[in-house]
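Trainee: Residue numbers (the UniProt record's numbering): 1 to 322. I am attaching a structure below and will ask some questions about it afterwards.
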């Protein structure tokens, strides 16, 4: 019979929980699913004979990774039937929710752009890439997690990097993000609300692309919008309508914050009833190259819980009485 879990064992798991969530989020692209996977790992831990576990961190990493690989296989089928573009679930990153983000590789590993690219990899390729790049696992350790040879881990890693580089075309897979990029969300919001199309276009790259993820549960464009003029006009119209939409559906109470989301500048738009939208900007050479807007309410619960305690968020505008 498995040994019962004691207080020490629970403490051991809780000490590992933040790291496990950080791994699971990168593997799944969903904070909600990551929390579920971590909870499943806890159930396995609770039922295990701890006298046979010599290295809890390694044991938990292996269990969690395999739980995530199973979830990824099922998620692929669901995402093929997803209404409109699928985007990762947004997470605010100034706190420690996704682990250390001190290096270029660590920050890029949680970016919307890379998480979307990771969807092109096989589950095994994604696991090897994440463990190696974001958490600096050695191939010997990865091999133990995935029950493969060290040589096979190296081969899968090389294949994953080659596929990602091919998808990225000429842009570096990992790119430093200047601090000045942080103000781009504020400039964008000011230009969008002013209604000045010229100011808005000035912030956008010529080949800018805008994606919206409503998942069939909120109004969103079902195809990407490409090109500076089309994107600027679309966004200008969107911001003109948003106050009216909020007034009709939830009453007065619109609040807009600038924040860091998935290591990129972003806007977080909330109402009295919770988050309404998260707009994440991918910036290259000082101009916005991609805009990803998440309005699917199922994907906004985690960031809604983060916002009241978030460091670094800045109130830009509010219709609430002061």
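A virtual CB, placed ideally from N, CA and C, is assigned to each residue, including glycine. Given the structure is predicted, the values throughout are model-derived calculations rather than measurements.
Looking at the unbroken alpha helix (DSSP H) that takes in residue 90, where does it start and where does it end?
Mentor: Residue mapping note: residue 90 aligns to position 90 of the chain shown, counting from 1. Residue 90 -> no alpha helix (DSSP H), and no H or E assigned at all.
Trainee: If distances are taken between C-alpha atoms only, which option among 211, 138, 264 and 33 comes closest to residue 74?
Mentor: Taking the chain shown and counting its residues from 1, the one referred to as residue 74 is at position 74. Of the candidates 211, 138, 264 and 33, the one whose C-alpha sits nearest the C-alpha of residue 74 is 33.
Trainee: Exposed or buried, which one is residue 272 when buried takes at least 16 other CB atoms within 10 Å?
Mentor: By one-based count along the chain shown, residue 272 stands at place 272. Exposed, since its Cβ has fewer than 16 Cβ neighbours within 10 Å.
Trainee: Compute the beta-carbon to beta-carbon distance between residue 41 and residue 20, rounded to the nearest angstrom, for a pair I have assumed lies under 8 Å.
Mentor: As a position in the chain shown, residue 41 is number 41, starting the count at 1. As a position in the chain shown, residue 20 is number 20, starting the count at 1. Between residue 20 and residue 41 the Cβ distance is about 6 Å, and since that is below 8 Å, they are a contact.
Trainee: CA-CA distance, residue 138 and residue 233?
Mentor: By one-based count along the chain shown, residue 138 stands at place 138. By one-based count along the chain shown, residue 233 stands at place 233. Approximately 48 Å, taken between the alpha carbons.
Trainee: Would residue 96 pass as a contact of residue 18 if the rule is Cβ separation under 9 Å?
Mentor: On the chain shown, position 96 is the one that residue 96 refers to. On the chain shown, position 18 is the one that residue 18 refers to. Yes, the Cβ-Cβ distance between residue 96 and residue 18 is below 9 Å.
Trainee: Of the choices 270, 262, 302 and 295, whose alpha-carbon is the least far from that of residue 283?
Mentor: Reading the chain shown from its first residue, position 283 is the one you call residue 283. If we check each option's Cα against that of residue 283, 262 comes out closest.
Trainee: Pull the bridge partners of residue 287 from the DSSP assignment, please.
Mentor: Translated into the one-based positions of the chain shown, residue 287 becomes position 287. Paired residues: 284.
Trainee: What's the C-alpha gap between residue 9 and residue 185?
Mentor: Translated into the one-based positions of the chain shown, residue 9 becomes position 9. Translated into the one-based positions of the chain shown, residue 185 becomes position 185. Looking at the two C-alpha atoms, the distance is approximately 44 Å.
Trainee: Considering residue 42, what are the terminal residues of the alpha helix (DSSP H) in which it resides?
Mentor: As a first step, residue 42 must be located in the chain shown, where it is residue number 42. Segment 31–47, the alpha helix (DSSP H) holding residue 42.
Trainee: How should residue 170 be labelled, buried or exposed, when 16 other C-beta atoms within 10 angstroms of its C-beta is the threshold for buried?
Mentor: For this step, residue 170 is matched to residue 170 along the chain shown. Because residue 170 carries a pLDDT of 49, less than 50, the predicted location of this residue cannot be relied on, and no value is offered for it.
Trainee: Assess, as a yes-or-no matter, whether the region 187–196 is touched by the region 51–71 under the definition of 3 or more beta carbon pairs within less than 8 Å.
Mentor: They do not touch, by the three-pair rule.
Trainee: Look up residue 151 in the DSSP assignment and say whether it is helix, strand or coil.
Mentor: Mapped onto the chain shown, residue 151 falls at position 151. Residue 151 falls in the helix class under three-state DSSP.
Trainee: Please state whether DSSP places residue 196 in a helix, a strand or coil.
Mentor: Taking the chain shown and counting its residues from 1, one reaches residue 196 at position 196. In this structure, residue 196 counts as coil in the three-state DSSP scheme.
Trainee: Who pairs with residue 274 in a beta bridge, going by DSSP?
Mentor: As a first step, residue 274 must be located in the chain shown, where it is residue number 274. Note: residue 274 sits in a beta bridge opposite 271.
Trainee: Should residue 316 and residue 256 be called a contact, given that it needs their Cβ atoms to be closer than 9 Å?
Mentor: Numbered from its first residue, the chain shown carries residue 316 at position 316. Numbered from its first residue, the chain shown carries residue 256 at position 256. In this structure, residue 256 lies closer than 9 Å to residue 316 by Cβ.
Trainee: Output yes or no for whether 9 Å exceeds the beta carbon distance between residue 22 and residue 135.
Mentor: Taking the first residue of the chain shown as 1, we reach residue 22 at position 22. Taking the first residue of the chain shown as 1, we reach residue 135 at position 135. Taking 9 Å as the Cβ cut-off, residue 22 and residue 135 qualify as a contacting pair.
Trainee: DSSP state of residue 19, grouped into three classes?
Mentor: In the chain shown, the residue the question calls residue 19 occupies position 19. Three-state DSSP puts residue 19 in a helix.
Trainee: Would you say residue 58 and residue 167 are within 9 Å of each other, going by their C-beta atoms?
Mentor: As a first step, residue 58 must be located in the chain shown, where it is residue number 58. As a first step, residue 167 must be located in the chain shown, where it is residue number 167. No; because the gap between Cβ atoms is not below 9 Å, this pair is not in contact.
Trainee: Distance check for residue 47 and residue 83, CA to CA, integer angstroms please.
Mentor: By one-based count along the chain shown, residue 83 stands at place 83. By one-based count along the chain shown, residue 47 stands at place 47. Approximately 39 Å, taken between the alpha carbons.
Trainee: Whose C-alpha, out of 210, 113 and 295, is nearest the C-alpha of residue 235?
Mentor: Here residue 235 corresponds to residue number 235 of the chain shown, with the count starting at 1. Of the listed residues, the one whose Cα sits closest to residue 235 is 210.
Trainee: How far does the beta strand (DSSP E) with residue 209 in it reach, from first residue to last?
Mentor: Within the chain shown, numbered from 1, the residue matching residue 209 stands at position 209. Unbroken beta strand (DSSP E) run through residue 209: 204–213.
Trainee: Nearest by alpha-carbon distance to residue 44: which of 60, 31, 35 and 29 is it?
Mentor: Taking the chain shown and counting its residues from 1, one reaches residue 44 at position 44. Cα-wise, what sits closest to residue 44 is 60.
Trainee: Determine, using beta carbons only, whether residue 213 and residue 123 come nearer to each other than 9 Å.
Mentor: On the chain shown, residue 213 is found 213 positions in, with the first residue counted as 1. On the chain shown, residue 123 is found 123 positions in, with the first residue counted as 1. Cβ distance not < 9 Å, so residue 213 and residue 123 don't count as in contact.
Trainee: Apart from the five residues just before and just after residue 56, which ones in its own chain have a Cβ nearer than 6 Å to its Cβ?
Mentor: Along the chain shown, one-based indexing puts residue 56 at 56. If we look at residue 56 and ignore the five residues flanking it on each side, its Cβ neighbours are 12.
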